[in-house]
Amino acid sequence: MAALMWALGLPVGLSAQGEPAREDAAPGGAVQGSTLQLSSTGEVSANGDGDLGSTMQGSTEQGSTEQGSTLQLGSTGEVSAKRDGVPGSTVQGSTLQGGATGEASAKRDGVPGSTVQGSTLQGGVTGEVLAKRDGVPGSTVLGGVVPEGGALFAGRAISDSVVGSCTSVSTEKIMLLQCPWSESSNVASLLCLDCRDRVARAALGYDHQEGDYRLFREPREHDRFGFYTNGWSALGNWRFYGSFSYFNEVSRGVRWVDVMDPYDGNPYSVGDSVGGDYSREYFLMEGKSALRVSDRLGFGVDVKYKTGVGAKRKDPRPENNLTDFEISPGVIWTRERLKLGAHLRFGTGKEEISFTSVTGNKFDLFYFRGLGAYSVTMEDDSRYTGKLLFGGGVQGNYNGSTIKNLTSVDFSRQLTSIKRGDAYPLQVVSLDGYTTEASTLFLFQPEADRLGRLQLRYRHERSYGDEPVVEPRLEEISWQWSTAARYTLYWHRASLWGARYAWYSLRDRHHLRHGVTLSADYGTQETTYYFVPEFNRQKISHYDLEATFEKGWVSGHHHLVAALSGGYRGVPSKRLDIVEEEVLRRGVLLEYTEHDFGYLTEGRWAGGLLLDYGREVDAGKTPFEWFLEAGYRLTGSGFRGGTERHQVRISTGIHF
């Protein structure tokens, strides 16, 4: 039947949409070293019009080899390589470049035995590349759907996994390394990732931390158990990403904390001095989708949802309910080697806290305002924190043959309002925060089995806390925040400059040989809380150095990656000013302020080891890899005469 189809000129083979290909070829030569790259659509297909055995990814044609010629398309992005004669004629080093329509063909019409060397098929505007075979049976095309930055590299053909075709412990990392858009906040960047049919994982994990090197309101001991799953997939012109996580954590021996996260950037929080064990659980979900609607335009949308509950089983008993929602649409416009992108962000969130007492006793509740300033009350009224987020960003991307660049600027504004009371909640604080981030990323040799990434980044944040001149009482139900006289009492600003360089040698699209990552950051921060006219003020500058070395091994169906990391923080300058007037000083929890200042200003070092083992399991048409990950990290400092923090992490699951 296949021979009849070949005689009639009908296609036999595999398309980019995933239709099956025959693998009946006789062994022999191959198409080696070809690079198939997309620009905007990312569609690549190979139609085998030969006899029995025309295959994708690995079957061969006896005696003939295609290596190295260059076929570049024009505006339509259509390129075809046809064999219409006796196999084996020679076209060496030829370059066929598309004109206005972008159509180019390479034909073999001569005698058998010669070769076409050095072929490179590069996508233009649409990214559609067709390789058609009308000659003898058994020729090979390595590839399939290979979007920009994929796994078939110029000069060296990087095959699928030497172990198998399933996702491994390094597949996700390699996929992200090969794409300059992998760290972009624009959801339409999904169209630039080489996820093939699917890159996914599911795991159970455990994390344990303990030690005295910690912030004042952090627990000395912390345990977390969780389930995590995420994955990328491609379906025609669509790209999808989804993740779901559930984890339960217990913080032991905490004090001064009655909120879900006391260090989330909001200095206005509540706590009690009794303390106890705090239990929390979270559900996190995210869904992304992106569609290439034309050869130049792609759209996407990202939706995130987070919910959590927390409680402390000791009077006073806070009960927390947390909900966050965010949606972000994005767009990417493509023209030849240039891509321009933009995205928007909109989010809402709230945390509700209620207090109960089994014994019926009253307890002091401390309302913190920044740098240890507080007010205290025995009224166990509920508390509500609401957030509203607006933001967006723009991106520019240039894709060269040996270097790619992505430059982006993001900005956001978050408004936080804090209210107290049940029947008539009264707003008592308004926190206004602004964040600006800029980065440029260079990807070197993205089409080779060795690649480098250099990222330069800058981040600046400012926040201001407004409080009423006279704090309202709950009985004053006519009191309105919009008409109240208020001061801006809390001021915070911080800047961070950073650079990170990563270099990796890749075995194939599923496995790395070795790699190294180096990063350096320098940051400054200044925080002030006013008592009008007195104030508390904290100024700190710091630098952080981090290095990681990774090594991978592959043997049969076994895969192991070891990562050794180390880091150091130095503090060139620091200053802390506390009000001296006795009455004002009594409104500052000095233990809190001095503890966190000491934590932030003492030099520290850290070192860790992470082992990730994978074992491929043959499950017929759907192979998967079972993995076990174990890591340990030790952080030490001269803080308080010498303290340490230990972290142990274990997880197991499957890649599929």
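In this text, residue positions in the sequence shown follow the working numbering: the first is 1, and each later residue adds one. Glycine is no exception: its CB is placed at the ideal position from the N, C-alpha and C atoms.
- Between D212 and E249, the gap from beta carbon to beta carbon reaches 9 Å or more.
- Within the same chain, Cβ atoms closer than 6 Å to the Cβ of T524 are found at S495, S541, the five residues on either side in sequence being excluded.
- Assignment of M260 by DSSP, reduced to helix, strand and coil, places it in the coil class.
- Counting the other Cβ atoms within 10 Å of the Cβ of M260 gives 16 or more, which makes it buried.
- Setting aside the 5 residues that flank it on each side, A200 is surrounded in the same chain by G231, F656, each with a C-beta closer than 6 Å to its C-beta; the list follows chain order.
- Taking a 10 Å sphere around the C-beta of L371, we find 16 or more other C-beta atoms and assign the residue as buried.
- The DSSP-derived three-state label of E582 is helix.
- Per DSSP, M378 lies in no beta strand (DSSP E) segment and is marked neither H nor E.
- A502 is positioned such that its CB atom lies no closer than 9 Å to that of A520.
- For the pair E286 and I578, the Cα-to-Cα distance works out to about 43 Å.
- In the three-state DSSP reduction, S294 falls in the coil class, being neither helix nor strand.
- Closest option to E644, judged by alpha-carbon separation, among R220, D194, S168: R220.
- Sequence-distant Cβ neighbours of R615 in its own chain, meaning closer than 7 Å and more than five residues away, are H557, H558, E625, W626.
- In the three-state DSSP reduction, W481 falls in the helix class (H, G or I).
- For G271, the uninterrupted beta strand (DSSP E) run begins and ends at 269 to 271, by DSSP.
- N266 and Y458 have their C-alpha atoms roughly 22 Å apart.
- Taking all protein chains in view, the Cβ of R313 is surrounded by fewer than 16 other Cβ atoms within 10 Å, so the residue is classified as exposed.
- The Cβ atoms of G552 and L609 do not sit closer than 9 Å to each other.
- Judged by DSSP secondary structure, F597 falls within the alpha helix (DSSP H) whose first and last residues are 590 to 601.
- Of the candidates F283, Q209, A234, the residue whose Cα lies closest to the Cα of R252 is Q209.
- With 16 or more neighbouring CB atoms inside 10 Å of its own CB, Q395 falls in the buried class.
- Taking 8 Å as the upper bound for CB-CB distance, I418 and Y268 are in contact here, some 5 Å apart.
- The straight-line gap separating the alpha-carbon atoms of Y613 and L560 is approximately 4 Å.
- The beta carbon of R413 sits closer than 6 Å to the beta carbons of F390, Y434 from its chain, once the five residues preceding and following it are set aside; these are given in chain order.
- The criterion of a C-beta distance shorter than 9 Å is satisfied by L451 and Q445.
- W491 is not a Cβ neighbour of E461, given a cutoff of 9 Å.
- Put simply, the backbone Cα of Y367 is about 12 Å away from that of D380.
- When C-alpha distances from V617 are compared across S505, A373, I654, L489, the shortest belongs to I654.
- According to the DSSP assignment, K173 belongs to the alpha helix (DSSP H) that extends over 171 to 177.
- Taking every protein chain shown into account, the CB of V254 has 16 or more other CB atoms within 10 angstroms, so this residue is buried.
- DSSP, reduced to helix, strand and coil, places E183 within a helical segment of the structure shown.
- Under DSSP, S651 forms a beta bridge with G205, E629.
- A distance below 7 Å between beta-carbons, with the five flanking residues on each side excluded, links G275 to the following residues of its chain, in chain order: G253, V254, R255.
- Proximity to D207 across L191, T385, Y228, L190 peaks at Y228, based on C-alpha coordinates.
- Judged by pairs of C-beta atoms under 8 Å, the segment 330 to 338 touches the segment 293 to 308, as three or more such pairs exist.
- A check of alpha carbon separations from S185 across T377, I327, H510, T416 identifies I327 as the nearest.
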